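Trainee: Residue numbers (full-length UniProt numbering): 1 to 344.
Cβ atoms here follow ideal geometry from the backbone N, Cα and C, with glycine treated the same way.
Bear in mind that the values here come from a model prediction, so they are computed numbers and not experimental data.
#1: Got a sec? Which residues, its chain only, sit under 6 angstroms from residue 287 by beta carbon, not counting five neighbours each side?
#2: Measuring alpha carbon to alpha carbon, tell me which of 137, 255, 86 ends up nearest residue 102.
#3: What whole-angstrom Cβ distance do residue 246 and residue 229 have, given they're in contact under 8 angstroms?
#4: According to DSSP, what are the bridge partners of residue 165?
#5: Report yes if the CB atom of residue 59 is closer than 8 angstroms to the CB atom of residue 293, and no otherwise.
#6: Rounded to whole angstroms, what's the CA-CA distance from residue 182 to residue 262? Just pull it up for me.
#7: Let me make sure I understand the geometry here. Which of 86, 144, 73, 132 has the alpha-carbon closest to that of residue 104?
#8: Which same chain residues end up closer than 8 angstroms to residue 109 when comparing Cβ atoms and leaving out the 5 residues on each side of it in sequence?
#9: Out of 190, 115, 319, 268, which has the shortest C-alpha to C-alpha gap to residue 172?
#10: Can you check whether the CB of residue 90 is closer than 8 angstroms to the CB of residue 303?
#11: Taking buried to mean at least 16 other C-beta atoms within 10 Å of its own C-beta, is residue 64 buried or exposed?
#12: Could you work out which residue in 106, 276, 68, 207 is closest to residue 237 when comparing CA atoms only?
#13: So, for residue 15: in the same chain, excluding its five sequence neighbours on each side, which residues have a beta-carbon less than 7 angstroms away from its beta-carbon?
#14: Within 10 angstroms of its Cβ, does residue 351 collect 16 or more other Cβ (buried), or is it exposed?
#15: Is the separation between the beta-carbon of residue 195 and that of residue 264 shorter than 8 angstroms?
#16: Three-state secondary structure (DSSP) at residue 61?
#17: From 73, 62, 46, 56, pick the residue whose C-alpha is nearest to that of residue 33; which is it?
#18: By the three-class DSSP mapping on this structure, what secondary structure does residue 115 have?
#19: In chain order, what residues of the same chain lie with their CB nearer than 7 angstroms to the CB of residue 152, ignoring the 5 residues before and after it?
#20: Quick check: residue 4 and residue 179, are their CB atoms within less than 8 angstroms of each other?
#21: Does the distance from the C-beta atom of residue 299 to that of residue 284 stay below 8 angstroms?
#22: To the nearest angstrom, how far is the alpha carbon of residue 338 from that of residue 26?
#23: Under a three-way DSSP split, which group does residue 247 fall into?
#24: Taking the straight line between their C-alpha atoms, what separation do you get for residue 225 and residue 170?
#25: What's the call for residue 8, buried or exposed, on a 16-neighbour Cβ count within 10 Å?
#26: Provide the residue(s) that pair with residue 339 in DSSP beta bridges, ordered along the chain.
#27: Helix, strand or coil: how does DSSP classify residue 50 here?
#28: Roughly how many whole angstroms lie between the Cα atoms of residue 205 and residue 17?
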């Protein structure tokens, strides 16, 4: 069987993206047995990172298309995207770097739409820099969804066999509460159900965390759990999805960490991200479910404070590449299952 070709976007070149990309692709030759990694980014920024690590900048090879990749260990094959970013200072917020990070993602999506890559892996970008560069997207996930023209998608944090879906992500807490509607809850439960089915586990239990403390405690702490979440769970069960809840988050999430739940739906960003990152750190990745191709991201930021110091850890990026390589061959089944589940 052929191995998948993955577009690895370079992220914000003022941060640790180039460094961890260099460490991942030059220091983990076993990745070549699982995929063909092609960097989508800037050659000068990539060479600067390679040189700072004491390695040969000639290891960076510019290619015209992912089809030209030879996948030779000790090389970084890169599709140049836009003008050089050689003058972007490390560790500083830069509109040029933010514009570049945006362009890298857009180009990776184009390559995927044209069938030239089988998946996308994303080192971190900086949202403020991207906004300064004129691209006002809340983050990677929303930009990817726009580029692929999808409306129903979910950011999913994953470590091992544990998956945290999210009803809302990069909005204020006040906006998140408004955005948790019956329709959104239905859609994410459908995505989670489709994902479990595509993984070959259609009866997998899916736990939905409550929005309010104690999942509302019989309306003592708010009505959203009873009026929005509980009916959505009941309706999902009628559609054959093994959904449960809403369950108190402070009970559900610790139980999931202990292995009692593999599929969890969090209501808002920090409800899922804070405990997940506290427990898993570099052992976690970010998957977008609802796109026609697999996309996996590191689960950390641009780390401007350590950029260029050679101390950034590539573990999360290596894990993201490995996970994307594993999921890519069967992702069409995930996509088709999700499409059927969410088409009304």
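Mentor: Taking the coordinates as given:
#1: 156, 158, 296
#2: 137
#3: Right, the Cβ-Cβ distance comes to about 4 angstroms (below 8 angstroms), so this counts as a contact.
#4: BP columns for residue 165 point to 265.
#5: no
#6: 23 angstroms
#7: 144
#8: 120, 144, 147, 148
#9: 268
#10: no
#11: exposed
#12: 207
#13: Apart from the 5 residues on each side of it in sequence, residue 15 sits with its Cβ closer than 7 angstroms to the Cβ of 124, 126, 302, 303, 304, 307 in its chain, given in chain order.
#14: Summary: the structure shown does not reach residue 351, with the chain confined to residues 1 through 344, and so no result is reported for it.
#15: no
#16: Three-state DSSP puts residue 61 in a strand.
#17: Out of 73, 62, 46, 56, 73 has the C-alpha closest to the C-alpha of residue 33.
#18: coil
#19: Cβ neighbours of residue 152 beyond the five flanking positions: 187, 191, 290, 342.
#20: no
#21: For residue 299 and residue 284, yes; Cβs fall inside 8 angstroms.
#22: 36 angstroms
#23: strand
#24: 21 angstroms
#25: Residue environment analysis places residue 8 among the buried positions, since at least 16 neighbouring C-beta atoms fall within 10 angstroms of its C-beta.
#26: None, per the DSSP bridge assignment.
#27: helix
#28: 36 angstroms
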